Structures are given as C-alpha cells and as structure tokens.
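S.K.: My questions will all concern the structure given below.
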C-alpha cells in the first residue's frame, strides 16, 4: 500500500521516515519529495508498505503523531485522476506572452496598455 505522509519537518530524511514505519512492518520504499531546483524537502513524502494490514496499522498509529515538533498527516495515498493534473504542455493557444503576441502594430494590446486602459494607439 502506498501511504502519503504530510507536514513533515524540513530536516527529516528518508532513513528516519523508513525507521518510523518499519516499526509496523516491512517497508518497500520511501520517497521524500524535494524541490527540483533547490533540493529542499517540500514537507511531504510517500511510504510503500508490502502488507495492507501493516500499512493500515501504521496509518492509524502515526496519523497525528508529533515529529520534531510538527503534527504529521498520514493516510492512504490515492492516485490523482488523470484529468486533475496540471499540464504545462502546448495544448492551449499561445498569446505570445505579455504583449499579446505578434508585432506592436497588430491587434493584441500589451500588458501595460491593458492596465492603463489604452490600446495600441500611436505605437508603430
């Protein structure tokens, strides 16, 4: 069973998390989610346990526990439905960024023009 663990202290490491769950049974994997640019923990992670019964016991015992002064959240991880994931692909039409795309003679108004109430008046 895959288990979500949230509100983790920033300083906790995967080995520490594994140790906490191994008290309740065999742990297949542990992953603390980190920021891809800084490498810093995002404060949540996932623990995979082989036995559903052992996982349920761990969830019951550890949900609401205090770790390094923080109350952690532990529950069964449910995969997000595919339609609810953010997609940053090119599926939507591009407006060319803040300036409405194209050149300054064309239709789109710029970011500053929208805020000042003007169009592309006098901009050639």
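In UniProt numbering, the protein residues as written are 1 to 124.
Just so you know, even glycine gets a beta-carbon here, dropped at the ideal spot from N, CA and C.
Here the structure is a predicted model, which is why all the values come from computation and not from measurement.
What does DSSP give as the partner residues of residue 42 in its beta bridges?
M.R.: DSSP output for residue 42 lists no bridge partner at all.
S.K.: Enumerate in chain order the residues of its own chain whose CB-to-CB distance from residue 50 is below 6 Å, with the five nearest sequence positions on each side excluded.
M.R.: Answer for residue 50: 26 and 28, listed in chain order.
S.K.: With burial defined as no fewer than 16 other Cβ atoms inside 10 Å of the residue's Cβ, what is the status of residue 127: buried or exposed?
M.R.: Residue coverage of the chain in this structure runs from 1 to 124, which leaves residue 127 outside it and unanswerable.
S.K.: Determine the direct distance from the alpha carbon of residue 82 to that of residue 13, and round the result to whole angstroms.
M.R.: For residue 13 and residue 82, the distance between alpha carbons rounds to 30 Å.
S.K.: Would you call the CB atoms of residue 41 and residue 62 closer than 9 Å?
M.R.: No, they are not a contact pair.
S.K.: Quick check: the Cα distance between residue 60 and residue 15, rounded to an integer number of angstroms?
M.R.: Those two C-alpha atoms are separated by around 21 Å.
S.K.: Can you tell me whether residue 83 is helix, strand or coil according to DSSP?
M.R.: Note: residue 83 maps to helix in three-state DSSP.
S.K.: Could you tell me which uninterrupted beta strand (DSSP E) segments, each at least 3 residues in length, are contained entirely in the UniProt domain "RRM" (1-79), listed from first to last along the chain?
M.R.: Whole beta strand (DSSP E) segments, 3+ residues: 2-6, 27-34, 41-49 and 73-76.
S.K.: Please report the straight-line C-alpha distance between residue 69 and residue 17, rounded to a whole angstrom.
M.R.: Straight-line Cα distance between these residues: approximately 15 Å.
S.K.: Apart from the five residues on each side of it in sequence, which residues of its chain come closer than 6 Å, Cβ to Cβ, to residue 57?
M.R.: Excluding positions up to five away in sequence, the list reads 24.
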